[in-house]
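Protein chains in written order, with full-length UniProt numbering: chain A, 1 to 331; chain B, 1 to 502. Accompanying notes for the structure given below.
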């Protein structure tokens with residue numbers, strides 16, 4: 001009798017769950033974008049979401065919730081009900097929150113709906129700089145310690161991690177000038193206030209094409225179709241292969257505990273949205289590699305990003321807490 | 001020929017024309033309501049116009065942008081509540097005019113000057129964009145810092161009455177701007193370990209509170225006072241009056257275009273600088289500044305609309321946003337399959353000329369919408385206070401919430417409203433507080449960038465001040481303004497005079 005009742009209860013639970021998924025979405029879904037309007041996360045999310053909403057047969061209203069390097073948005077989504085009606089639309093930053101002491105939760109505490117795409121970092125330099133390749137740059141920086149002004153976007157940002165990769169290979173010193181974002185830093189680079197800047201390919205590609213700055217290194221294991229003739233950094237610095245491929249990424253996440261059928265529906269919708277040719281073209285033009293990962297594949301990617309970056313930051317000495325504290329394995 | 005055709009696209013397609021008109025109309029209202037910002041409206045439009053072709057989408061956004069910058073002046077004049085940060089200076093002389101029953105005239109002159117300023121901005125964009133953007137790029141962190149110092153000197157112009165109280169208010173603003181996670185190092189400043197303070201204090205919340213709520217509270221003192229009847233017979237300004245103010249308008253517009261074209265500074269700073277400029281160059285203002293001088297409207301309103309054209313300059317030539325709104329428009333261009341950057345003008349000059357055309361049209365619509373319907377608008381001032389005050393409070397709360405969709409901002413807004421009320425009560429000017437908040441980041445970030453770039457070498461920093469012509473000029477301007485605003489030169493002149501007489 002007991003088993004029968006339990007079975008009945010289980011049946012009831014599953015049917016309600018299935019029913020909940022059947023008519024999902026019943027209402028508007030809220031998409032919370034971690035970064036400000038006009039930034040790359042914002043652009044990517046606003047480009048893919050309408051296609052996903054169409055596939056889902058519902059509407060997703062997006063709003064920007066900025067602050068705390070994106071932690072405010074993550075905390076907000078985690079404070080909502082786990083019903084799939086609040087999506088976090090973010091970039092790579094949360095994977096560093098724990099070691100940088102910016103938050104106690106990251107993407108591993110959420111369910112990935114879709115890890116949409118990743119970017120490829122590159123080193124760009126002012127046109128007047130007396131070096132045009134990574135080896136020349138490293139030689140110059142060694143000969144002039146502390147003289148090269150490199151733009152930086154704060155600890156845990158792309159520049160800090162790529163520079164940590166470089167300084168783990170060669171012993172050089174820079175002057176790091178802080179900017180609040182790669183946009184302002186690249187502007188400063190063109191005006192001569194900076195000499196070198198590690199930046200995601202998409203942010204600088206148009207200025208490079210126009211000859212306003214030059215690429216001196218591509219932080220990847222293979223050549224990039226957008227930058228023909230620029231050799232991957234692993235050619236001159238094979239040690240980089242330990243960390244690569246690595247790059248900033250964009251993803252959509254929900255709170256843990258969201259019913260599996262709802263998660264599956266959202267995953268299917270965003271997977272379909274990511275296939276849209278307009279979105280694919282946008283990403284290709286900006287040099288992003290569309291991945292559209294979900295489930296285990298997504299978790300694997302997120303884990304790998306977190307362990308590489310966390311340990312780099314830790315070894316470079318600007319982590320507030322050791323990755324070991326959070327059980328983040330060494331890469 | 002193709003250029004001309006692209007420029008004329010907007011005029012030949014009724015649908016696009018309609019969208020610009022619609023956008024401008026909506027923009028005037030979005031701009032007029034404190035807290036409903038153009039930035040917000042344009043980012044909502046990105047999703048709304050997602051499936052549209054690119055021209056109509058951009059046409060609508062440009063209309064909202066132009067209209068919104070202008071619309072901020074409406075509530076500044078009528079209620080003493082700037083609808084947007086760029087209208088703060090407008091309130092200083094606009095509201096006194098409304099109190100004299102001259103709201104119609106104030107709105108009239110504001111409209112025409114916005115139109116003029118807008119055209120100067122567009123003309124510079126169309127004719128000299130590449131040169132201006134190259135010039136803007138030469139600004140180093142040191143120069144931005146000098147610009148901020150120049151801005152701080154405006155405290156003098158913005159404080160009616162006690163200068164000491166003005167300086168106090170300005171310093172308070174600078175401190176408010178520092179609160180939160182330092183954007184350069186991610187260290188916390190003035191947060192006292194409170195997570196709520198981490199993301200800083202929303203500048204818009206401070207503005208709405210200080211101007212909106214404090215005004216509403218202040219009005220409570222005058223509940224029984226009769227409402228001011230508005231004269232609305234003279235809306236379109238006289239030709240002679242326009243001609244008299246034309247030089248000032250053109251000078252202010254130049255300030256507006258340049259400040260607008262610099263990435264990192266925008267219409268808000270431009271309008272305040274223009275107001276300060278007007279105060280210094282006008283020998284015989286129609287009334288003394290702060291009591292309803294027309295010149296006090298001409299300068300900021302020409303400048304903030306000229307800044308719109310200016311903001312498009314780095315956006316179109318380099319893909320670098322000139323302000324928050326153009327940053328979002330760059331995103332919109334990406335989404336519509338274009339690649340904004342230095343190559344846009346080479347690959348798709350049509351887009352550039354289409355935007356210029358749309359801006360021209362939006363500017364014309366401002367003149368049309370601005371000069372009609374004033375009658376209804378001025379009625380706002382004649383609403384009984386029992387209705388007006390709750391309405392102001394309601395709009396303030398909605399506006400503060402809407403900035404970041406955060407209730408915290410509403411609390412901040414109310415808190416600063418109370419503070420603002422007491423400050424006004426005791427004669428502390430509020431303009432400098434906002435000025436301080438605006439300039440805080442500009443000064444702080446760029447000073448640190450400048451000194452870090454010199455590797456902490458103060459000598460090299462000062463050397464840079466004199467080795468770069470731009471820095472030297474900015475420094476000289478600062479010195480000149482400082483000298484002309486302190487009593488020192490007047491004392492010297494008086495002594496010289498006495499000497500000669502003797």
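Note that CB positions come from ideal geometry on N, CA and C, so glycine has one too.
7 Å CB neighbourhood of residue i in its chain, flanking five on each side removed
i: residue 115 (chain B); result: 363, 366 and 367
i: residue 101 (chain A); result: 320 and 321
i: residue 3 (chain B); result: 349 and 353
i: residue 316 (chain A); result: 164 and 167
i: residue 196 (chain B); result: 408
i: residue 99 (chain B); result: 228
Reference residue i; option with closest CA among the options
i: residue 252 (chain B); options: B:282, B:234, B:264 and B:224; result: B:282
i: residue 113 (chain A); options: A:313, A:299 and A:314; result: A:299
i: residue 294 (chain B); options: B:493, B:113 and B:70; result: B:113
i: residue 86 (chain A); options: A:189, A:323, A:255 and A:296; result: A:255
i: residue 65 (chain B); options: B:88, B:97 and B:21; result: B:21
i: residue 356 (chain B); options: B:235, B:455 and B:310; result: B:310
i: residue 44 (chain A); options: A:303, A:282, A:314 and A:293; result: A:282
i: residue 94 (chain B); options: B:480, B:234, B:192 and B:110; result: B:110
i: residue 332 (chain A); options: A:241, A:257, A:121 and A:105; result: The requested residue 332 (chain A) does not occur in the structure, where chain A is confined to residues 1 to 331.
i: residue 284 (chain A); options: A:129, A:31, A:227 and A:170; result: A:227
i: residue 423 (chain B); options: B:276, B:173, B:193 and B:319; result: B:173
i: residue 345 (chain B); options: A:209, A:268 and A:184; result: A:209
Residues near residue i by beta carbon distance below 6 Å, same chain, minus five either side
i: residue 472 (chain B); result: 466
i: residue 330 (chain A); result: 311
i: residue 207 (chain A); result: 213
Residue i burial status per 10 Å Cβ neighbour count (16 or more: buried)
i: residue 12 (chain B); result: exposed
i: residue 404 (chain B); result: buried
i: residue 416 (chain B); result: buried
i: residue 95 (chain A); result: buried
i: residue 400 (chain B); result: buried
i: residue 164 (chain B); result: exposed
i: residue 284 (chain B); result: exposed
i: residue 131 (chain B); result: exposed
i: residue 429 (chain B); result: buried
i: residue 376 (chain B); result: exposed
i: residue 18 (chain A); result: Residue placement at residue 18 (chain A) is poorly supported in this model, since its pLDDT is 49, which falls under 50; the coordinates still yield a value, given next. Exposed, by the Cβ-count rule.
i: residue 237 (chain A); result: buried
i: residue 80 (chain B); result: buried
CA-to-CA distance, residue j to residue i, given in whole angstroms
i: residue 485 (chain B); j: residue 492 (chain B); result: 13 Å
i: residue 174 (chain A); j: residue 164 (chain A); result: 12 Å
i: residue 216 (chain A); j: residue 123 (chain B); result: 38 Å
i: residue 431 (chain B); j: residue 159 (chain B); result: 7 Å
i: residue 389 (chain B); j: residue 421 (chain B); result: 14 Å
i: residue 11 (chain A); j: residue 261 (chain A); result: Because residue 11 (chain A) sits at a pLDDT of 49, beneath the cut-off of 50, its placement in the model cannot be relied upon, and the following sentence gives the value as read from the coordinates. Residue 11 (chain A) and residue 261 (chain A): Cα-Cα distance of roughly 15 Å.
i: residue 322 (chain B); j: residue 34 (chain B); result: 22 Å
i: residue 233 (chain A); j: residue 134 (chain A); result: 7 Å
i: residue 264 (chain B); j: residue 218 (chain A); result: 29 Å
i: residue 287 (chain A); j: residue 225 (chain A); result: 9 Å
i: residue 78 (chain A); j: residue 221 (chain B); result: 46 Å
i: residue 159 (chain A); j: residue 237 (chain B); result: 55 Å
i: residue 27 (chain B); j: residue 268 (chain B); result: 17 Å
i: residue 29 (chain A); j: residue 61 (chain A); result: 6 Å
i: residue 257 (chain B); j: residue 55 (chain A); result: 45 Å
i: residue 224 (chain B); j: residue 289 (chain B); result: 28 Å
i: residue 140 (chain B); j: residue 474 (chain B); result: 12 Å
i: residue 306 (chain B); j: residue 277 (chain B); result: 15 Å
Proximity test, Cβ basis, 8 Å: residue i and chain E
i: residue 137 (chain B); result: Chain labels in this structure do not include chain E; the protein chains are A and B.
8 Å Cβ shell around residue i - same chain, five flanking residues per side excluded
i: residue 334 (chain B); result: 340
i: residue 249 (chain A); result: 91, 92, 115, 116, 117, 118, 119, 291, 301 and 305
Three or more C-beta pairs below 8 Å linking the stretch 233 to 246 of chain B and the stretch 436 to 447 of chain B:
Short answer: they don't touch.
Say whether the stretch 226 to 237 of chain B touches the stretch 424 to 442 of chain B, bearing in mind that this needs 3 or more beta-carbon pairs closer than 8 Å, one atom from each stretch.
Segments in contact, no.
Kindly confirm or deny that the stretch 89 to 98 of chain A and the stretch 64 to 71 of chain A touch, where touching means at least three C-beta pairs closer than 8 Å.
A contact exists between the stretch 89 to 98 of chain A and the stretch 64 to 71 of chain A.
Given 8 Å as the limit, is there contact between the stretch 309 to 327 of chain B and the stretch 35 to 47 of chain A, that is, 3 or more CB pairs closer than that?
Result yes; three or more Cβ-Cβ pairs closer than 8 Å.
At a cut of 8 Å, does the stretch 384 to 398 of chain B reach the stretch 206 to 214 of chain B through at least three beta carbon pairs?
Using a Cβ-Cβ distance cut-off of 8 Å, the stretch 384 to 398 of chain B and the stretch 206 to 214 of chain B are in contact, since at least three pairs of beta carbons, one from each stretch, lie closer than that value.
Touch check for the stretch 42 to 60 of chain A and the stretch 267 to 284 of chain A: three-plus C-beta pairs under 8 Å?
Cβ pair count under 8 Å is three or more, so yes.
Does the count of Cβ pairs from the stretch 193 to 200 of chain B and the stretch 172 to 183 of chain B closer than 8 Å reach three?
Taking a contact to require three or more Cβ pairs closer than 8 Å, the stretch 193 to 200 of chain B and the stretch 172 to 183 of chain B qualify as touching.
Does the contact criterion of 3 or more C-beta pairs under 8 Å hold for the stretch 46 to 60 of chain B versus the stretch 314 to 321 of chain B?
Between the stretch 46 to 60 of chain B and the stretch 314 to 321 of chain B, the count of Cβ pairs shorter than 8 Å is below three; the stretches do not touch.
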